[in-house]
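One structure is given below, encoded as structure tokens.
Residue numbers (the numbering used here): 1380 to 1507.
This is the structure we're talking about:
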């Protein structure tokens, strides 16, 4: 068991998005810590469903965060200028929506939100 409230971010490995996402989640949801699961372009990976090993890895890491840290919130994150998913914003927003549905289908009993980090490195929630 751990002290403090946790959220989990399935985030891009791009270092530019780590701090804005952590700070935003702490402020918006009152959590103390954010477990970070990073991949290049995770929204594409989760939306496409092609890389079973990669998806399984994210799922296992998320399960640890939920069961060991009692995380109640999972944020799926996409961002401007992503080297791991070099596509337009509209495509990434569709992928975020589908990625959120994938994570919800795992039935971990957590709230799932999709976040977009824009060209000013500001975080916007896409889902409620």
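Ideal placement from N, C-alpha and C gives every residue a C-beta, glycine not left out.
(message) Restricting to Cα atoms, I'd like to know which of 1476, 1452, 1424 is closest to residue 1392.
(response) On the chain shown, residue 1392 is found 13 positions in, with the first residue counted as 1. Answer by Cα proximity: 1424.
(message) What does the Cβ neighbour count give for residue 1465, buried or exposed, with the cut at 16 atoms within 10 Å?
(response) Along the chain shown, read from residue 1 onward, the residue named residue 1465 stands at position 86. Answer is exposed; the Cβ neighbour count stays below 16.
(request) Rank 1445, 1417, 1444 by C-alpha distance to the C-alpha of residue 1433 and give the top, closest one. (result) Counted from its first residue, the chain shown places residue 1433 at position 54. Checking every option, the nearest Cα to that of residue 1433 belongs to 1417.
(request) Round the Cβ separation of residue 1489 and residue 1445 to the nearest angstrom and send it over; I've been treating them as touching at under 8 Å. (result) Walking along the chain shown from the start, residue 1489 turns up at place 110. Walking along the chain shown from the start, residue 1445 turns up at place 66. The beta-carbon separation of residue 1489 and residue 1445, rounded to 6 Å, stays under the 8 Å limit for a contact.
(request) Could you pull the start and end residues of the beta strand (DSSP E) that residue 1462 belongs to? (result) Within the chain shown, residue 1462 is the residue found at index 83, counting from 1. For residue 1462, there is no enclosing beta strand (DSSP E), as DSSP marks it with neither H nor E.
(request) Go ahead and label residue 1450 buried or exposed: buried means 16 or more other beta carbons lie within 10 angstroms of its beta carbon, across all protein chains shown. (result) The count along the chain shown starts at 1 and reaches residue 1450 at position 71. It counts as buried.
(message) Just to confirm before moving on: does the CB-CB distance between residue 1518 and residue 1491 stay below 7 Å?
(response) The chain is shown from 1380 up to 1507; residue 1518 falls before or after that span and cannot be answered.
(message) Give me the residue from 1411, 1403, 1504 with the minimum Cα distance to residue 1338.
(response) Here the chain comprises residues numbered 1380 to 1507, so residue 1338 is not present and cannot be evaluated.
(request) Pull up the distance between the alpha-carbon of residue 1406 and that of residue 1428, whole angstroms please. (result) Residue numbering aside, residue 1406 sits at position 27 when the chain shown is read from its first letter. Residue numbering aside, residue 1428 sits at position 49 when the chain shown is read from its first letter. Distance between residue 1406 and residue 1428, taken at the CA atoms: about 32 Å.
(request) Can you check DSSP and say which residues form a bridge with residue 1415? (result) Counting from 1 along the chain shown, the entry for residue 1415 is found at position 36. For residue 1415, the beta-bridge partners assigned by DSSP are 1388.
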